[in-house]
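Structure, as structure tokens:
Protein chains: 2
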Amino acid sequence: MDIPLPLDAPMSDADADALIGTMGRSARVAAATLALAPTAQKAGALVHAAALLRQRAEAILAANADDMARAAESGMADAMRDRLRLDPARLEGIARALEAVAALDDPVGRTIDASERPNGLRLSRVRVPLGVIGIIYESRPNVTADAGALALMAGNAAILRGGSEARASNAAIHAALADGIAAAGLPRDAVQMIPTSDRAAVGALLRAQGLVDIIVPRGGKGLVARVQAEARVPVLAHLDGINHSFVHASADPAMAEALVVNAKLRRTGVCGATETVLVDRGYRHAEVLVAALLEAGCAVRGDADAMALDPRITAAEVADWDTEYLDAICSVAVVDGLDGALAHIARHASHHTDAIIAGDADVAERFLREVDSAIVMWNASTQFADGGEFGLGAEIGISTGRLHARGPVALEGLTTYKWVVRGSGQARP
Amino acid sequence: MDIPLPLDAPMSDADADALIGTMGRSARVAAATLALAPTAQKAGALVHAAALLRQRAEAILAANADDMARAAESGMADAMRDRLRLDPARLEGIARALEAVAALDDPVGRTIDASERPNGLRLSRVRVPLGVIGIIYESRPNVTADAGALALMAGNAAILRGGSEARASNAAIHAALADGIAAAGLPRDAVQMIPTSDRAAVGALLRAQGLVDIIVPRGGKGLVARVQAEARVPVLAHLDGINHSFVHASADPAMAEALVVNAKLRRTGVCGATETVLVDRGYRHAEVLVAALLEAGCAVRGDADAMALDPRITAAEVADWDTEYLDAICSVAVVDGLDGALAHIARHASHHTDAIIAGDADVAERFLREVDSAIVMWNASTQFADGGEFGLGAEIGISTGRLHARGPVALEGLTTYKWVVRGSGQARP
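If you read the sequences in order, they're chains U and Z.
Quick note on numbering: the first sequence equals residues 688 to 1116 in the numbering used here.
Quick note on numbering: the second sequence equals residues 688 to 1116 in the numbering used here.
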């Protein structure tokens, strides 16, 4: 295998800053070209890269086998090994994802709004790329292709930093992406990968103000928390998805049962999963609702009122209301109507996704208006919190921050805008 | 005078953190109410505050006289004392500015876009307030009213930190604003003023992640640079306005002369002033252009080619191309066509405002597309870079950052959005 493996040599902070400085300046140069690249050229790069992934499938799977062998030696947990593993079907999925991103509408050049001033100046706001995106991720090698492709399609340069456990897989996938980019006549440095496993390079990336415009961490809470704590560059991320489904007294019982079970259990490990179910004291089918959760295999932890609904419910501790289980565990609280639900959510939500199940439209609209989360839902499963489900075609992540972009972020969130003013000789009086 | 003056006692970082923590939590509580306040209530608060400013004019001017007396004792420079000074006309201007903000369109609740998914989910993005805005400013007491009013009208709570030199004026203006807010039935803590002159409180505000959503510095470069260097909270600001006016060979000479003189000299101290004039080597009226600048009282520093245009031009040093003079001084470089101008701007611009003066529309459109600045202009004076001139009704500042908001920022830039999803019982397959 001739894919160059990342360096394992320890690195000083100064060396890491120098490395990131060099990469950042190359990225900035590439970004200037990408900002002006036609849609077809960017899309062509991704389609070409997808073809290269298929052509090189054998080598890429061999690289992945090396990573898997090291993972086995190091005693990596099964769940993490599953995330690391590639097979022909998964590799085909990565190639198709590149093609899907290539088919998305290009936000660059789109006019946001326009006006004409009384003095005849014509103003418009036009979308332009953000610039240089830093992406820090773990285990899943598909992020190399996905995130690099989204950054590129929105006209940005990207600096990728994958987990050391996936270094051979990432290098092989990155090479296909870079070759596709070069074949389309775009600068190879449009998507660069940090060539070292030393964590000093991550620190350097996080403090690369002026070189990197935004950092997107993709991974577990430990990674996201470290990035948010250390970064001097703006971060687009969510740390927790402590999501609520509130069942109002006016909810249809069959709908409530179906939505709560889906919101909690369809996939327990996703950030859109419901972690706490709030049951209105006036809802008359609460026993059936919690029984459905229990019978679907979910452990239920409740407050005193919830515990009275079913003997299988165990006592919730204080920390439960602020816990993202990411597992078949659910906390249940009985609340006094909409106001009780709003108070609980205001106190415990991570401002990711919160839902109400209700027949009463006035109550539901008040919930949608008053809950301050990136996504608020009425009569839908919180598991829909996803860029693909929202019609964005893909997502680079879900933001629980309030600035720039909120909720699922895809191409538009990787752009900014500029003001374009066209005059006919106006001087300011 | 019964206006309480700020404390001058030195403060430890821990005490400053405690103070800002208390203020930030009160602001967060107030913000939750403000986020749901009707437009008329917010506008009513500002109109009431304007009336109170007029009612209390005598006391406010007396407070300002105290500040002016201290300024005189401390030997404050004339320009700064002029910024500090209030008189009946300036106070009336502050009251009218509050009424103007009250009349602006409320962005909160506005739908950005909406769609329906194939599964029947109805999605929309709706504008909501950012939350808590920290505003740090110097000298001009009108910022107390202006910035507080903009934050409030966009549904946010604000924490203000004015300069110690204006503390009595700021306290009097703030009291009118807070009383107007309370009279409208909104929480008085919606706009708070930090009650100490100790700089430790600024440090605490800058690191108040989670309590403050964005910091807006309003003042000189020293202030903005310190805020940008220290802040752990996102900052909306520009440090420099190193703006260019490029005169292309195809420019109309009369228009070029009028625009360049206006862009440089209308007001030399504003951030939208042109600092460097780039003259196309093919432009045949360059001598007349620089003579117009010189005769209007502008010192001109040029490169070797520019110096050949007029003996009064002195030699520019390397630093001149990166200098924001904010004075009647201009640097002039002769460049080779559009490409030469683009290269100079890419290297030296602060990405604030850059203009081309040209008759050739293809050249101008390429300039508008390729220059990566917050504002790009064709055949207009860079001095139009201003929220009021752009029809925003006001501005809290001009952002040269790339995230969230770029260029002039008014109410919309002080909001974010949430995703609202309305379903009819959809569970995710």
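For each residue, glycine too, the CB sits at the ideal point set by N, CA and C.
Buried or exposed: where does R743/Z fall if 16 or more other Cβ atoms within 10 Å of its Cβ makes it buried?
-> Here the question's residue 743/Z lines up with position 56 in the second sequence. Buried.
A750/U and G867/U closer than 9 Å at C-beta = By one-based count along the first sequence, residue 750/U stands at place 63. By one-based count along the first sequence, residue 867/U stands at place 180. The answer is no: Cβ separation not under 9 Å.
Do you know offhand how far R886/U's Cα is from D1041/Z's?
-> Translated into the one-based positions of the first sequence, residue 886/U becomes position 199. Translated into the one-based positions of the second sequence, residue 1041/Z becomes position 354. Approximately 40 Å between the Cα atoms of the pair.
Neighbourhood of A859/Z by C-beta, 8 Å cutoff - its chain only, sequence neighbours within 5 removed | Numbered from its first residue, the second sequence carries residue 859/Z at position 172. Once the five neighbours on either side are set aside, the close Cβ partners of A859/Z are I690, R743, A746, I747, A750 and N751.
Which whole-angstrom value is the C-beta distance of I902/U and V922/U, which I expect to be below 8 Å?
-> Numbered from its first residue, the first sequence carries residue 902/U at position 215. Numbered from its first residue, the first sequence carries residue 922/U at position 235. That pair is a contact at about 5 Å.
Is the beta carbon of A871/Z sitting closer than 9 Å to the one on I881/Z?
-> As a working note, residue 871/Z is residue 184 in the second sequence. As a working note, residue 881/Z is residue 194 in the second sequence. Result no, Cβ atoms of A871/Z and I881/Z do not sit closer than 9 Å.
According to DSSP, is S884/U helix, strand or coil?
-> Here the question's residue 884/U lines up with position 197 in the first sequence. Three-state DSSP puts S884/U in coil, outside helix and strand.
Any idea if E760/Z is buried or exposed, counting beta-carbon neighbours within 10 angstroms, 16 or more meaning buried?
-> As a first step, residue 760/Z is located in the second sequence; it is residue number 73 there, counting from the start. Classification for E760/Z: exposed.
Nearest neighbour of Y970/U, chosen from D1023/U, A766/U, D1009/U and R953/U [CA to CA] = Numbered from 1 along the first sequence, position 283 holds the residue referred to as residue 970/U. Looking at the Cα atoms, D1023/U is the closest of the given residues.
Using 8 Å as the Cβ pair cut-off and three pairs as the minimum, do the segment 815 to 831 of chain Z and the segment 1109 to 1116 of chain Z touch?
-> no
Compare the beta carbon distance of T1069/Z and T961/Z with 9 Å and say whether it is the shorter of the two.
-> Here residue 1069/Z refers to the residue found at position 382 of the second sequence. Here residue 961/Z refers to the residue found at position 274 of the second sequence. In contact: T1069/Z and T961/Z (Cβ atoms closer than 9 Å).
Taking only beta-carbon atoms, is D900/U less than 9 Å away from chain Z?
-> Taking the first residue of the first sequence as 1, we reach residue 900/U at position 213. Chain Z places a beta carbon closer than 9 Å to that of D900/U, counting this residue as a contact.
Between the segment 915 to 945 of chain Z and chain U, which residues of the former have CB atoms less than 8 Å from a CB of the latter, in chain order?
-> P921, D939, M942 and A945
Note down the Cα distance separating R953/Z from R1115/U, rounded to an integer number of angstroms.
-> Locating residue 953/Z in the second sequence gives position 266, where the first residue counts as 1. Locating residue 1115/U in the first sequence gives position 428, where the first residue counts as 1. Approximately 8 Å between the Cα atoms of the pair.
Mark D1007/U as exposed unless 16 or more other C-beta atoms lie within 10 angstroms of its C-beta, in which case mark it buried.
-> Residue numbering aside, residue 1007/U sits at position 320 when the first sequence is read from its first letter. Result: buried.
Please name the residue or residues paired with C1017/Z in a DSSP beta bridge.
-> Numbered from 1 along the second sequence, position 330 holds the residue referred to as residue 1017/Z. DSSP lists V987/Z as partners of C1017/Z.
A701/U to G708/U span [Cα, whole Å] = Your numbering for residue 701/U matches position 14 in the first sequence. Your numbering for residue 708/U matches position 21 in the first sequence. Looking at the two C-alpha atoms, the distance is approximately 10 Å.
In chain U, which residues lie less than 9 Å from M1064/Z when you measure between Cβ atoms?
-> Stepping through the second sequence from its first residue, residue 1064/Z is reached at position 377. Under the 9 Å cutoff, chain U gives L808, W1106, V1107, V1108, R1109 and G1110.
Residue closest to C985/Z, alpha-carbon to alpha-carbon, out of V964/Z, V1005/Z, A705/Z and G1084/Z = Within the second sequence, the letter at position 298 stands for residue 985/Z. That would be V964/Z, whose Cα lies nearest to the Cα of C985/Z.
For G890/U, does the three-state DSSP call read helix, strand or coil?
-> Counted from its first residue, the first sequence places residue 890/U at position 203. Helix, per DSSP.
What is the DSSP secondary structure of F1077/U, counted as helix, strand or coil?
-> Here residue 1077/U refers to the residue found at position 390 of the first sequence. In the three-state scheme derived from DSSP, where H, G and I count as helix and E and B as strand, F1077/U is classed as coil.
Name the DSSP beta bridge partners of Q742/U, please?
-> For the purposes of this step, residue 742/U is taken as the residue at position 55 of the first sequence. None, per the DSSP bridge assignment.
Starting from the C-beta of M942/U, find all residues in its chain whose C-beta is less than 8 Å away, skip the five residues before and the five after it, and write them out in chain order.
-> Taking the first residue of the first sequence as 1, we reach residue 942/U at position 255. If we look at M942/U and ignore the five residues flanking it on each side, its Cβ neighbours are I1044 and N1066.
Residue nearest to R804/Z in terms of C-alpha spacing, selected from G1094/U, H1091/U, G989/U and F1071/U = Here residue 804/Z refers to the residue found at position 117 when the second sequence is read from its first residue. When each option's Cα is compared against that of R804/Z, the closest is F1071/U.
Counting Cβ pairs, one atom from each stretch, are 3 or more of them under 8 Å apart for the segment 845 to 863 of chain U and the segment 920 to 937 of chain U?
-> In short, these stretches do not touch, since the Cβ pair count stays below three.
List the residues of chain U that S1060/Z touches, going by C-beta distances under 8 Å, in chain order.
-> The sequence position of residue 1060/Z within the second sequence is 373, counting from 1. Those within 8 Å of S1060/Z in chain U are K1105.
Chain-ordered chain Z contacts of F1077/U [CB-CB under 9 Å] = As a working mapping, residue 1077/U is identified with position 390 in the first sequence. Residues of chain Z passing the Cβ test: S802, R804, L808, L810, W1106 and V1108.
Neighbour flag for S826/Z against chain U, beta carbons, 9 Å = For this step, residue 826/Z is matched to residue 139 along the second sequence. No, no contact with chain U.
Partner residues on chain Z for Q1070/U, Cβ-Cβ distance less than 9 Å = Locating residue 1070/U in the first sequence gives position 383, counting from the first residue. Residues of chain Z passing the Cβ test: A1114 and R1115.
Select from G1080/Z, D997/Z and M763/Z the residue whose C-alpha is nearest the C-alpha of V1019/Z.
-> Walking along the second sequence from the start, residue 1019/Z turns up at place 332. Checking every option, the nearest Cα to that of V1019/Z belongs to D997/Z.
Straight-line CA distance for A991/Z to E1004/Z?
-> Here residue 991/Z refers to the residue found at position 304 of the second sequence. Here residue 1004/Z refers to the residue found at position 317 of the second sequence. Distance between A991/Z and E1004/Z, taken at the CA atoms: about 11 Å.
When you compare only the Cα positions, how much space is there between D1059/Z and A863/Z?
-> Counting from 1 along the second sequence, the entry for residue 1059/Z is found at position 372. Counting from 1 along the second sequence, the entry for residue 863/Z is found at position 176. Cα to Cα, D1059/Z sits roughly 42 Å from A863/Z.
Within chain U, partners of A1067/Z - CB distance below 7 Å = The residue labelled residue 1067/Z in the question sits at position 380 within the second sequence. Those are L808, V1108, G1110 and Q1113, listed as they occur along chain U.
Would you call the segment 764 to 779 of chain U and the segment 823 to 830 of chain U in contact, with 3 or more CB pairs under 8 Å?
-> yes
Which residue's Cα is closest to the Cα of E1117/U: L1025/U, G842/U and G1075/U?
-> Residue 1117/U is absent from the structure shown; chain U starts at 688 and stops at 1116.
Are the C-beta atoms of P1095/Z and some chain U residue less than 9 Å apart?
-> As a working mapping, residue 1095/Z is identified with position 408 in the second sequence. Chain U, which has a Cβ nearer than 9 Å to the Cβ of P1095/Z, makes this yes.
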